[in-house]
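Below is one structure, written out as structure tokens; the observations come after it.
2 protein chains.
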Amino acid sequence: MTFSSTLLENAVEEFAKLPGIGRKTALRLVLYLLKRDSGEVHLFSETMVKLRDEIHFCSECHNISDEPICHICSDRARKHDLICVVETIRDVIAIESTQQYHGVYHVLGGVISPLDGIGPEQLQIDSLIGRVQQGQTLELLFALSPNIQGDTTLFYISKKLQNLPVKITTIARGIAFGGELEYADELTLARSISNRMPVENYLGNQIQP
Amino acid sequence: MTFSSTLLENAVEEFAKLPGIGRKTALRLVLYLLKRDSGEVHLFSETMVKLRDEIHFCSECHNISDEPICHICSDRARKHDLICVVETIRDVIAIESTQQYHGVYHVLGGVISPLDGIGPEQLQIDSLIGRVQQGQTLELLFALSPNIQGDTTLFYISKKLQNLPVKITTIARGIAFGGELEYADELTLARSISNRMPVENYLGNQIQP
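Sequence order for the protein chains is A and B.
With the numbering used here, letter number 168 in the first sequence gets 168, and the count goes up by one each step, no holes.
Position in the second sequence counted from 1, then plus 1000, gives you the numbering used here.
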């Protein structure tokens, strides 16, 4: 792509650094910004800088927050003896959107993945064990990705906690609601058969953690 | 989507204003920026503001430019008697990428489209006629979209220029290179038959404007 302007080229290069944005998409976004009022572009830029420089990570659960302690951890109405362990902030947003979970969270920041150079020390595992060691926690609910890295992380943390009196659970795996049986992969289908549940549980199904 | 941070929510809203970016994609992009160094985010923001506030539109051809006159219009090696009329800056970039066109451009800023409230007065048509009236132009090459709005614009401008001694041409329409005949639409196929060309032209085909 040949640009007639260095300013334009720099802006396109910056946008093209974002994940999933190619140079053609970047050009489209930049030309859109160019048509906006100068004030709108200033607002866009300031919002990004403000986010980057003023954001906190909750010192309890490592969730993103405007305050040193996030609004979930500081909410006395939530069950502080139930901790849901997730990989990223996006998982917290997804679970919060269900409005069915009333415990607190712990954001690991990823899963153990030796191939990507991510070991336990890069993740917030020690602080999770520290929280459990305080003795207030009754249950750890793991909601990690259903793959080898997620399972490794689950196994590693369970092992570390085996002498502590805490119940360790994981979210149910099975055929998704609205999912067609014939298109489900074999592993999911096989596991959903071996983990079959009584019909009365299924029909009266309400998440009540 | 429920956010645990107003700063995060504002940033996602700003990204989601961009065309083709939904809230989930916006969140992914914002979380990516959050992981970068503060300096990188500042650079990203400053580049956008700088582009918006310092960019020029060439006073000759209305192309985007770092200077009041763009580098194409100020290039004495180019043929200034041949003007390619395009809709947007993106078309200039596309044609420049071929490295086969050595004339200059005129960016209309769109095409006549009464349904979208775009009439001739919103476009750079008067300045195009002004350029032709200076008497230096031998040929106007139209490279507009092959649709009713593009054809209307072509017709409107040709009518305005009918008493001036300038040749008006349009880029060739036909089956694209690599295009399968059976998947071409009927109009394109019909036109490519009625506008058939001698084989010697086709084989020796080099754009030599």
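Backbone N, C-alpha and C fix where the C-beta goes; we use that ideal spot for every residue, glycine too.
Item, Value
"Beta carbon of L1138 (chain B), beta carbon of K1159 (chain B): below 8 Å?", "no"
"Could I get the ranges of all uninterrupted beta strand (DSSP E) runs contained in the region 96-146 of chain A, with 3 residues as the minimum, in chain order?", "103-107, 139-142"
"So which residues of chain A does A1011 (chain B) contact, with C-beta pairs closer than 7 Å?", "T47, M48, L51"
"DSSP has F1177 (chain B) in a bridge; who is on the other side?", "Answer by DSSP bridge pairing: none, since F1177 (chain B) is not bridged."
"Can the beta-carbon of L123 (chain A) be found closer than 8 Å to that of H106 (chain A)?", "no"
"Using DSSP with H/G/I as helix, E/B as strand and the rest coil, what is S194 (chain A)?", "helix"
"Is the Cβ-Cβ distance between G174 (chain A) and N147 (chain A) less than 8 Å?", "no"
"When the cut-off is 8 Å and only beta carbons count, does P209 (chain A) lie next to chain B?", "In this predicted model, P209 (chain A) has a pLDDT of only 49, less than 50, meaning its place in the structure is not dependable; the value taken from the coordinates is given anyway. By this cut-off, P209 (chain A) is not an interface position."
"Tell me which same chain residues have a C-beta within less than 6 Å of the C-beta of K79 (chain A), skipping the five on either side of it?", "H102, G103"
"With a threshold of 16 other CB atoms inside 10 Å of the CB of F155 (chain A), please say whether the residue is buried or exposed.", "exposed"
"What are the boundary residues of the beta strand (DSSP E) that includes D81 (chain A)?", "79-86"
"Could you tell me which chain B residues have their CB closer than 9 Å to the CB of D66 (chain A), listed as they occur along the chain?", "S1004, S1005, T1006, L1007, L1008"
"Take the Cβ of A26 (chain A) as the centre, count every other Cβ of all protein chains shown within 10 Å, and call the residue buried at 16 or more, exposed below.", "buried"
"Does the beta carbon of E1014 (chain B) come closer than 8 Å to any beta carbon on chain C?", "No chain C is part of this structure, whose protein chains are labelled A and B."
"Distance cutoff 8 Å, beta carbons only. Does M1 (chain A) sit that close to anything in chain B?", "yes"
"Return helix, strand or coil for S65 (chain A), following the three-state DSSP convention.", "strand"
"Can you round the beta-carbon distance between V1030 (chain B) and L51 (chain A) to whole angstroms, since I take them to be within the 8 Å contact cut?", "7 Å"
"Tell me which residues share the same chain as D91 (chain A) and place their Cβ nearer than 7 Å to its Cβ, disregarding the 5 neighbours each side in the sequence.", "A143"
"Among B:T1098, B:R1036, B:L1161, B:D1151, which one has its Cα closest to the Cα of L1140 (chain B)?", "B:L1161"
"When you compare the region 1064-1079 of chain B with the region 3-17 of chain A, are there three or more beta-carbon pairs, one atom per stretch, that lie closer than 8 Å?", "yes"
"At what residues does the alpha helix (DSSP H) containing K1167 (chain B) begin and finish?", "Element bounds for K1167 (chain B): not the alpha helix (DSSP H) but the beta strand (DSSP E), 1167-1170."
"Give the single residue among A:G110, A:S113, A:L164 whose Cα lies nearest to the Cα of Q134 (chain A).", "A:L164"
"Count the other C-beta atoms from every protein chain shown that fall within 10 angstroms of the C-beta of F1044 (chain B), then say buried if there are 16 or more, exposed otherwise.", "buried"
"As a quick exercise: from B:V1012, B:L1033, B:L1018, B:G1179, pick the residue whose alpha carbon is nearest that of K1024 (chain B).", "B:V1012"
"Going by other Cβ atoms of all chains shown within 10 Å of its Cβ, with 16 needed for buried, is T1153 (chain B) buried or exposed?", "buried"
"Give every residue of the same chain whose Cβ lies closer than 7 Å to the Cβ of M1 (chain A), excluding the five residues on either side of it in the sequence, and list them in chain order.", "R23"
"Sort A:T88, A:V132, A:G119, A:L187 by Cα distance to L82 (chain A) and report the nearest one.", "A:V132"
"Give the DSSP-derived three-state secondary structure of F1155 (chain B) in the structure shown.", "helix"
"Taking 8 Å as the CB-CB cut-off, is E60 (chain A) touching chain B?", "no"
"What residues are listed by DSSP as bridge partners for F57 (chain A)?", "A:I64"
"Chain B beta carbons: is any one of them nearer than 8 Å to that of Y101 (chain A)?", "no"
"S97 (chain A) touches chain B at which residues, Cβ-Cβ below 8 Å?", "M1001, T1002"
"Between P120 (chain A) and chain B, is there a C-beta pair that is closer than 8 Å?", "no"
"Hey, how far is the Cα of L189 (chain A) from the Cα of T170 (chain A)?", "18 Å"
"Can you give me the Cβ contacts of I1095 (chain B) inside the same chain, cut-off strictly under 6 Å, excluding the 5 residues immediately before and after it?", "Y1101"
"Any C-beta of chain B sitting closer than 8 Å to the C-beta of E87 (chain A)?", "no"
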